[in-house]
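Only one structure is covered here, and it is reproduced in the block below.
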Amino acid sequence: DATVRTAVLAMSSKKTLSIRDDSQALKSTLEFLRRHELNASETALVEELSACLGEGGRVDYGNDESAGNHGNSDVFEDVLNVSDIADDEDDDDEDDVDDDEDGGWEASILTRLMSVNLNGQAMTAIIPPDDSEDESRRAISSIAPYDIPTGVTHEEVLAHWRREGAAACEYEDPEDEGFHRASIARHDVQKYIVDSFQTTEDLKIEEDRNATLLAAEHADGNVRFSPEQKSGTVDGVSDAEKSKCVRVLDRGGSFSFADVSASAPPEDGVETPIPAGWVEKSRETFETFDLKVYHRPKRTGFENSKDFAMKYGDIVANRYRIVEGIGKAAFSKTVRAQDLQTDTPVCLKIVKNNKDYMDQGLDEIKLLKLMNDKDPNDEHGILRMLDYFYFKEHLFIVSELLRANLYEFQKYDMETSDVSYFSLARIQSVAKQVLKSLKFMHDLNLIHCDLKPENVLMRSYADCTVKVIDFGSSCFTTDQMSSYAQSRAYRAPEVIIGAKYSQKADIWSLGCILAELYTGQVLFRNSSVPTLLARMVSIRGPFDPRLLCSGTQSHKFFTREGFLYETEDMSGSVVVLRPKRTCLQKRIGANDEDFIDFIEKLLATNPACRLSAGEALEHPWMKKSLSDVVAHKA
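Per my numbering, the sequence shown starts with residue 3, numbered consecutively.
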């Protein structure tokens with residue numbers, strides 16, 4: 003109650019309450035009450051409002067026809083003086099204008115406030131939405147289904163979506179979110195939200211399994227065992243044979259290594275099989291690399307600060323003089339330096355003093371060594387590592403010095419030039435170079451896992467040559483895949499929903515980069531993961547149900563019917579996102595059909611239908627001569 007009193011008193015510092023000025027404070031208070039179901043506090047809020055309004059608190063309902071028809075109207079009768087509601091519509095309109103000028107309560111707010119349930123159950127938000135929000139936020143029952151033909155393949159569904167999006171694009175404004183919002187009533191949340199997805203085949207298998215189990219029971223509930231179960235044989239393997247497969251360590255009893263001779267046969271005559279994945283020590287293979295550690299003589303202990311402090315002119319490891327800072331990332335920062343031995347400019351990557359970051363830096367060194375060794379002539383557009391060492395509790399990676407990254411360069415170009423540097427010919431050149439780099443990586447069973455404009459650096463502005471950098475997040479295809487990979491705007495759908503991903507996740511990222519180079523805008527703008535998925539569906543069409551069923555995180559973003567949804571942070575309410583139908587050509591605005599087809603094949607939401615790096619290099623657009631294409635304004 004004290005919380006309510008404080009909030010209301012703060013809101014009523016003026017003689018007349020103004021919902022426009024104090025809506026956020028009131029909304030926060032009501033949301034607090036709703037979350038904690040504080041019955042007494044809700045009643046206290048009514049009393050405080052009554053005290054604050056006093057005799058001058060009479061407010062008309064305007065032309066709200068349902069104003070006097072509420073379950074709790076008796077509670078608010080004295081506060082709101084609803085008996086004085088005017089009957090004349092003209093007078094009502096004038097009263098509405100007066101209320102607006104005086105900053106008083108709006109009629110719709112009073113109507114909704116009177117509908118608040120005082121028994122501690124969920125309260126409705128009393129702040130009326132804007133007109134624009136009224137149009138975009140509707141009940142889920144009002145969502146019109148897409149006119150998608152039934153009984154066709156998913157590829158035909160996507161083709162239909164593309165045709166309809168081109169013929170009747172639902173939004174043109176590039177600043178448009180690309181989707182409508184619709185609310186789900188709290189009591190209907192469980193009706194729509196599911197914990198997992200199942201394909202039709204999975205459901206059929208489960209139904210057959212359940213039917214088999216039911217058929218195996220007598221009417222009295224006793225289980226009927228099959229002949230195989232009675233004989234102790236299941237799946238063609240008897241219990242005796244199964245016991246032979248049990249490791250000695252898993253059998254009853256205990257032993258010590260001193261009790262067992264290395265050459266003596268086991269007492270029961272059964273050899274213990276080596277578990278899958280285990281190998282003999284003599285067959286284990288490891289690779290090593292040497293890490294130079296620079297330290298002061300006759301000194302131990304830690305540095306005074308975990309942050310590597312530096313300034314212009316400082317010399318690192320008696321060799322590299324600091325010239326200027328270049329940039330800062332999540333786990334490192336980069337500076338330009340001069341190699342005093344070779345008198346050449348280099349880039350120093352300084353990894354933060356943290357074990358996880360250190361391990362990630364060591365992984366990057368390992369991968370750069372592998373790729374540089376496999377590419378001795380520097381033909382595949384991979385960053386060249388020159389040196390690495392440990393200095394003052396920090397890992398350093400020394401590499402060649404390149405120019406600006408694609409993001410910074412395009413931003414500068416758009417601000418200083420009327421014509422975009424990235425013509426279709428130059429975009430094609432960038433695509434070829436990055437695809438060759440990716441093919442080289444993929445042939446080594448590597449996935450970059452963080453391809454974005456910031457990780458593609460210009461090597462030469464005149465020749466439009468680029469190189470791929472930052473392999474701290476890269477992994478082998480045989481590694482345990484991380485559930486978190488790629489920067490969000492360039493993250494592949496299969497990564498988002500928790501499905502198994504492959505090297506084709508890099509291809510999706512490249513498609514996003516090329517579209518961004520042409521338009522100068524991020525293709526899949528978003529404020530959250532659900533809004534990112536909504537933009538994907540809007541532009542690329544519905545996801546393949548089989549892909550959704552394979553994702554361990556699909557249920558966090560899709561309803562039972564396949565609608566996208568998100569939970570609002572403040573209110574905790576569930577909102578469905580209905581993507582507005584459009585197509586890639588409308589969003590990019592290019593007239594080159596081969597270019598659009600190329601980007602579409604890079605951005606196939608189903609990775610099985612997405613081009614590989616090698617296949618993308620053979621696409622007709624990549625074979626096209628674009629040297630005489632005039633640059634465009636992004």
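Note that CB positions come from ideal geometry on N, CA and C, so glycine has one too.
When you compare each of the options to residue i by their alpha carbons, which one comes out closest?
i, options, result
"residue 294", "593, 307, 313 and 319", "319"
"residue 422", "518, 387 and 187", "518"
"residue 171", "483, 582, 543 and 529", "582"
"residue 345", "327, 322 and 359", "322"
"residue 439", "463, 473, 462 and 326", "473"
"residue 475", "288, 167, 166 and 331", "331"
"residue 312", "477, 337, 296 and 599", "337"
"residue 447", "462, 481, 414 and 466", "481"
"residue 450", "484, 419, 466 and 467", "484"
"residue 600", "618, 593 and 609", "618"
"residue 324", "308, 348, 522 and 301", "348"
"residue 508", "479, 533, 530 and 531", "479"
"residue 464", "442, 424, 503 and 443", "424"
"residue 335", "326, 341 and 351", "351"
"residue 415", "522, 367 and 611", "522"
"residue 290", "460, 365, 341 and 380", "365"
"residue 191", "611, 613, 529 and 557", "557"
"residue 371", "467, 594, 187 and 443", "443"
"residue 494", "292, 612, 158 and 168", "612"
"residue 389", "367, 329 and 186", "367"
Does the beta-carbon distance from residue i to residue j come in below 9 angstroms?
i, j, result
"residue 566", "residue 578", "yes"
"residue 164", "residue 543", "yes"
"residue 488", "residue 615", "no"
"residue 549", "residue 604", "no"
"residue 499", "residue 552", "yes"
"residue 333", "residue 363", "yes"
"residue 624", "residue 433", "yes"
"residue 179", "residue 537", "yes"
"residue 404", "residue 512", "no"
"residue 562", "residue 194", "yes"
"residue 491", "residue 527", "yes"
"residue 531", "residue 560", "no"
"residue 533", "residue 181", "yes"
By Cβ distance below 6 angstroms, which residues in the same chain neighbour residue i in space, the five residues on each side in sequence not counted?
i, result
"residue 628", "426, 427 and 430"
"residue 408", "455 and 458"
"residue 385", "401, 469 and 471"
"residue 622", "596"
"residue 359", "333 and 353"
"residue 23", "Any reading at residue 23 needs caution, since the residue's pLDDT is 49, under 50, leaving its predicted position unreliable; the model's value is listed next. Closer than 6 angstroms at Cβ, skipping near neighbours: no residue."
"residue 373", "384"
"residue 441", "615 and 616"
"residue 397", "353, 360 and 363"
"residue 467", "461"
"residue 602", "586"
What's the call for residue i, buried or exposed, on a 16-neighbour Cβ count within 10 Å?
i, result
"residue 317", "exposed"
"residue 452", "buried"
"residue 435", "buried"
"residue 496", "buried"
"residue 297", "exposed"
"residue 339", "buried"
"residue 607", "buried"
"residue 2", "Summary: the structure shown does not reach residue 2, with the chain confined to residues 3 through 636, and so no result is reported for it."
"residue 262", "With a pLDDT of 45 at residue 262, under the threshold of 50, the modelled position of this residue cannot be trusted, and the question is left open."
"residue 503", "buried"
"residue 71", "Reliability of the predicted coordinates at residue 71 is poor, the pLDDT of 41 falling under 50, and no value is obtained from them."
Using C-beta distances below 7 angstroms, list every residue in its chain close to residue i, excluding the 5 sequence neighbours before and after it, in chain order.
i, result
"residue 394", "305 and 310"
"residue 160", "543"
"residue 343", "321"
"residue 376", "446"
What residues in its chain sit with their C-beta under 8 angstroms from that of residue i, if we drop five residues either side in the sequence?
i, result
"residue 569", "575, 576 and 577"
"residue 592", "426, 520 and 598"
"residue 546", "156, 607 and 608"
"residue 626", "430 and 596"
"residue 168", "585, 587 and 588"
Would you verify that the beta carbon of residue i is, or is not, closer than 9 angstroms to some beta carbon of chain D?
i, result
"residue 346", "Checking the listed chains, one finds no chain D in this structure; it contains a single protein chain."
Segments of 3+ residues assigned as beta strand (DSSP E) that fall wholly inside the stretch 539–597: 566–569 and 576–581
Secondary structure, alpha helix (DSSP H): runs of 4+ residues fully inside the stretch 459–518: 495–498
In the stretch 389–473, which residue ranges form an unbroken beta strand (DSSP E) of at least 3 residues, counting only runs that do not cross its ends? 396–402, 458–462 and 467–470
Runs of beta strand (DSSP E) wholly within the stretch 304–360 (minimum 3 residues, chain order): Counting only runs of 3 or more residues that sit fully inside the stretch 304–360, the beta strand (DSSP E) segments are 322–330, 334–341 and 346–353, in chain order.
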